[in-house]
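Numbering (our numbering), first residue to last: 95 to 852.
See structure below.
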Amino acid sequence: MRTLTLFLVLAFTSNAFAAEVDQFTQHKPTLRDSRAAVNGHINQYIDRSLSELAGRGCSEEALYKQMLKYINNHVFGEIVQTMDADQNIQKVRLQIKDSIYSEWNILDGVVLGRPGAEKSPLAMSAVIQMGGHQVGIDKLEHMFDRGFSYFDQWKTGVHIDEVLVNGVWWEKTLFGGQKWGTGVFSYGDLSANFNGMRFWNDMLSLKRDILGRDLGPYIACENNQWVQIKEVDLGLYVDDSMDETINCSAYPTKRTTQKVEKKLAQMGMACPADPALFKKLEKKYGPYASMVLNGNGPIVMESNPEWRRRSFVEEGWKPVPRKLARWVRPFNQDLQYNAGQRFLRDLKLPGETQYKSTARSRDRIITWENLKLDEETPADVRKCWGVFISGGDCDLPVIAPRPDAYSAEGELDLLTYIRDVSHRNGLAVARDVLAKELMKRDASGGEMRERIMNTTRDPELTYENSFANIPVEERQDIGVFLILGIGGEESDNAALIKLASDEVARQGFKAEMLPVDANLGSVHNAGMLNEMMKERLPKLKKIVLVAASKGAGDFITFFLKHGPSMSEEDRAKFKLITTLSGVLRPSFVAKYLIESKGATALFVRNGLKVTGRGSILEGIKSLSIDPWAGHNPKEVKALFPNLRWLSLPSLPEGDDGLTHMALWEGFLKVPTYRWNKQGSPMDGLVESAASVLPPGTGIEETIVPIFGPHAMALGSYSADLRIAPTTMKGISDRVVPAAGTEILSAVFRALPKEWLDD
Numbered sequence: 095m096r097t098l099t100l101f102l103v104l105a106f107t108s109n110a111f112a113a114e115v116d117q118f119t120q121h122k123p124t125l126r127d128s129r130a131a132v133n134g135h136i137n138q139y140i141d142r143s144l145s146e147l148a149g150r151g152c153s154e155e156a157l158y159k160q161m162l163k164y165i166n167n168h169v170f171g172e173i174v175q176t177m178d179a180d181q182n183i184q185k186v187r188l189q190i191k192d193s194i195y196s197e198w199n200i201l202d203g204v205v206l207g208r209p210g211a212e213k214s215p216l217a218m219s220a221v222i223q224m225g226g227h228q229v230g231i232d233k234l235e236h237m238f239d240r241g242f243s244y245f246d247q248w249k250t251g252v253h254i255d256e257v258l259v260n261g262v263w264w265e266k267t268l269f270g271g272q273k274w275g276t277g278v279f280s281y282g283d284l285s286a287n288f289n290g291m292r293f294w295n296d297m298l299s300l301k302r303d304i305l306g307r308d309l310g311p312y313i314a315c316e317n318n319q320w321v322q323i324k325e326v327d328l329g330l331y332v333d334d335s336m337d338e339t340i341n342c343s344a345y346p347t348k349r350t351t352q353k354v355e356k357k358l359a360q361m362g363m364a365c366p367a368d369p370a371l372f373k374k375l376e377k378k379y380g381p382y383a384s385m386v387l388n389g390n391g392p393i394v395m396e397s398n399p400e401w402r403r404r405s406f407v408e409e410g411w412k413p414v415p416r417k418l419a420r421w422v423r424p425f426n427q428d429l430q431y432n433a434g435q436r437f438l439r440d441l442k443l444p445g446e447t448q449y450k451s452t453a454r455s456r457d458r459i460i461t462w463e464n465l466k467l468d469e470e471t472p473a474d475v476r477k478c479w480g481v482f483i484s485g486g487d488c489d490l491p492v493i494a495p496r497p498d499a500y501s502a503e504g505e506l507d508l509l510t511y512i513r514d515v516s517h518r519n520g521l522a523v524a525r526d527v528l529a530k531e532l533m534k535r536d537a538s539g540g541e542m543r544e545r546i547m548n549t550t551r552d553p554e555l556t557y558e559n560s561f562a563n564i565p566v567e568e569r570q571d572i573g574v575f576l577i578l579g580i581g582g583e584e585s586d587n588a589a590l591i592k593l594a595s596d597e598v599a600r601q602g603f604k605a606e607m608l609p610v611d612a613n614l615g616s617v618h619n620a621g622m623l624n625e626m627m628k629e630r631l632p633k634l635k636k637i638v639l640v641a642a643s644k645g646a647g648d649f650i651t652f653f654l655k656h657g658p659s660m661s662e663e664d665r666a667k668f669k670l671i672t673t674l675s676g677v678l679r680p681s682f683v684a685k686y687l688i689e690s691k692g693a694t695a696l697f698v699r700n701g702l703k704v705t706g707r708g709s710i711l712e713g714i715k716s717l718s719i720d721p722w723a724g725h726n727p728k729e730v731k732a733l734f735p736n737l738r739w740l741s742l743p744s745l746p747e748g749d750d751g752l753t754h755m756a757l758w759e760g761f762l763k764v765p766t767y768r769w770n771k772q773g774s775p776m777d778g779l780v781e782s783a784a785s786v787l788p789p790g791t792g793i794e795e796t797i798v799p800i801f802g803p804h805a806m807a808l809g810s811y812s813a814d815l816r817i818a819p820t821t822m823k824g825i826s827d828r829v830v831p832a833a834g835t836e837i838l839s840a841v842f843r844a845l846p847k848e849w850l851d852d
């Protein structure tokens, strides 16, 4: 299919993207700086695009489509022709006969070596000066056109490693690298594509800049209309990685590579022309350097499998590593795995073995869940098997956080980082890394986890400074409000929350399970919470909130949407929020259920509608939306200065980085991971890293991890301690509502009452 697409595109576009540049023959010519002129054109086209969109709302799709009419390559846009014709942009352009490609023939590269190539004004690109960097106009085309293609993949969730590998494939085919193109595989083009992705992302700043250097947003939605809030400076994205004398190109054959080497030797030049400058580029691009830079001189182009192997983006069926396969009997000799699947790998036995199933299908596919290891398998091998099945390799070091995994203030974004670890190292490793990172982030340094575990083990233990020892006469002034997650008021989880609320009320607090609608979205429920708080706040001095699952998103939306209208006195009363398997950031399971056209998602949606429970889809949709979107994370802390946060995230307990105790949501794990382009360890409904606060809130967060499913009453604090050891003893397939009383009792006997002080 990819080959057919390529030939169709080639037939349609001909030489649309064929231009090459030679920056060796006239090395560093004296040129007038064109940065201001180029920026003038870009900003004029942005202004024109926004003017033509006036009155049409703030559709992202419409915005990009309109801008691409002007800021694109020379075939589909206008800006390249405008720059080429602008006399204020000084250029130098060589003829093929005067360039390092003068000896090119049709066997080296059709575009540069074919008869009549000299007559094409597009065969060789002009070079301009921008802010001290000499760059071919072809590189700006790549930024505008290919850069948007990179960005379009990246913004929809394709992992950056796969985006870059896809870009290599296109550079090697349609965009010049092979002999049917120019015969030049330009790393400068790859860098231009990469920086073009950054340029397009910064238009709206939808994601953190991949290099951690946020320059946007340039455009914002104000009064339901797109407006430019900052001028673009393209010079901030142009650097010497686009100079092919610094960032060396590759060639499809040894013969063409030798031709370039001969020309450079005749000129007394080498590539990189400035090795020290290349070293600076390596430092700048860091983990992405190998995908956009080449400092090894003219080289023969790597094969696609080599690129994929180096980028940890492999495909096809490969043998299961011998160190693991030998423990899988009787299939150990022939077992293969699907390397293209990032998570939950399928395995197969080739049809030539005695285990073939039918004449029609010569291969036998074996699901990872049904494959059992030999009973004698050592523990370390079992651990490695879990890592392997979940997409990783025990021998591969854990990837370090990349620049975009940090906030502008330098705080690690666990969700971004753990998705990266999952992609490179698999779900099991990512779960273990996340557990360690959560302990690092815990404001109590593990003390609160230890206290809660102690009160869970010993029902008679009460810490002297705990909530349970607050004087009885003070308890009536403390409101403890609990809200449900997703699922409705008839569920066992709802009964659990209700019994927990009753237990707190029995202790003398003003406790209540607030009647929000568990099936509806967070915006609706935030409105309900606002009305209920208006009634209750005047009668209370301090507020404690407890939210399960979606209830966390309901409270976040309440804080951000209705907090500004509350009095300073009332906001100061909010002391603590405890989130139990809270959905503090978007649920990728919910996104799958709402957006996917796959069989499982369609079955769930239609099943809910047919059974009269279609309203729950509104709540599920709410789970798929980031409650912090459009807000500065610091807003909650600014509005509620006394608020502390206690998070109890659920981490999957299995050796394969999955939970095997999930209830209704268990059947969603495979299609969810298959459909989503990125993912990380989840508890059955939400990624575990999405159950803690995002970076930059400034809120003091205490974290007590649970190991188990989203229905956290089934989970454990450790291998030898269930979260509700008495109520849930021996039970792993259903939630016992009475566990709510046991859990809240243990927590209240552990939480320090000082948390309720100003």
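Note that the Cβ used here is the ideal one computed from N, Cα and C, for glycine as well.
Selected residue, minimal CA-CA separation from residue i, among the options
i: residue 842; options: 557, 151, 753 and 775; result: 557
i: residue 598; options: 561, 288 and 440; result: 561
i: residue 755; options: 670, 808, 248 and 122; result: 808
i: residue 206; options: 278, 300, 136 and 566; result: 278
i: residue 798; options: 564, 745, 821 and 759; result: 745
i: residue 489; options: 495, 497, 496 and 479; result: 479
i: residue 929; options: 317, 420, 321 and 165; result: Because the chain spans 95 through 852 in this model, residue 929 falls outside it and cannot be assessed.
i: residue 791; options: 832, 734, 811 and 177; result: 734
i: residue 318; options: 120, 690 and 153; result: 153
i: residue 718; options: 689, 751, 698 and 654; result: 689
i: residue 470; options: 436, 421 and 429; result: 421
i: residue 768; options: 438, 199 and 227; result: 438
i: residue 504; options: 761, 305 and 433; result: 305
i: residue 435; options: 296, 261, 521 and 495; result: 521
Straight-line Cα distance separating residue j from residue i
i: residue 252; j: residue 771; result: 5 Å
i: residue 394; j: residue 351; result: 6 Å
i: residue 784; j: residue 641; result: 15 Å
i: residue 376; j: residue 335; result: 9 Å
i: residue 194; j: residue 405; result: 31 Å
i: residue 141; j: residue 147; result: 10 Å
i: residue 805; j: residue 675; result: 8 Å
i: residue 197; j: residue 208; result: 11 Å
i: residue 840; j: residue 649; result: 23 Å
i: residue 634; j: residue 646; result: 22 Å
i: residue 580; j: residue 264; result: 44 Å
i: residue 622; j: residue 610; result: 6 Å
i: residue 664; j: residue 632; result: 8 Å
i: residue 571; j: residue 845; result: 18 Å
i: residue 591; j: residue 848; result: 25 Å
i: residue 750; j: residue 188; result: 58 Å
i: residue 192; j: residue 356; result: 15 Å
Residue environment, residue i, which counts as buried when at least 16 other CB atoms sit within 10 Å
i: residue 361; result: exposed
i: residue 474; result: exposed
i: residue 658; result: exposed
i: residue 256; result: buried
i: residue 874; result: Past the boundaries of the shown model lies residue 874; the chain is included only from 95 to 852, so the question cannot be answered.
i: residue 138; result: exposed
i: residue 517; result: buried
i: residue 696; result: exposed
i: residue 789; result: buried
i: residue 575; result: buried
i: residue 452; result: Confidence is the limiting factor: at residue 452 the pLDDT is only 46, short of 50, which leaves the residue's position unreliable, though a coordinate-based value still follows. With fewer than 16 Cβ atoms within 10 Å of its Cβ, residue 452 is classed as exposed.
i: residue 448; result: Low local confidence applies: a pLDDT of 46 at residue 448 is under 50, so the model's placement there is unreliable, with the coordinate-based value given in what follows. The residue in question, residue 448, is exposed, as its Cβ has fewer than 16 Cβ neighbours within 10 Å.
Whole-number beta carbon distance between residue j and residue i, since they are thought to touch under 8 Å
i: residue 586; j: residue 828; result: 7 Å
i: residue 42; j: residue 184; result: Lying before the first or after the last residue shown, residue 42 is absent from the chain, which here runs from 95 to 852.
i: residue 710; j: residue 619; result: Contact flag wrong, Cβ pair sits at about 13 Å.
i: residue 615; j: residue 713; result: 6 Å
Proximity test, residue i beta-carbon vs the ligand SAH heavy atom, cut-off 7 Å
i: residue 568; result: This structure simply doesn't include the ligand SAH, nor any ligand for that matter.
C-beta neighbour in chain B for residue i, strict 8 Å
i: residue 832; result: The structure shown contains no chain B; it is built from a single protein chain.
List in chain order: all unbroken beta strand (DSSP E) runs of 3+ residues lying wholly within the stretch 292-359.
Every unbroken stretch of the beta strand (DSSP E) spanning 3 or more residues and falling wholly within the stretch 292-359 is given here in chain order: 313-315 and 320-322.
At 3 residues or longer, what runs of the beta strand (DSSP E) sit wholly inside the stretch 203-249?
Taken in chain order, the unbroken stretches of beta strand (DSSP E) that lie wholly in the stretch 203-249 and span 3 residues or more are 221-224 and 227-230.
Going along the chain, which unbroken runs of the alpha helix (DSSP H) with 4 or more residues stay wholly within the stretch 474-538?
DSSP runs (the alpha helix (DSSP H)) wholly in the stretch 474-538: 508-519 and 521-535.
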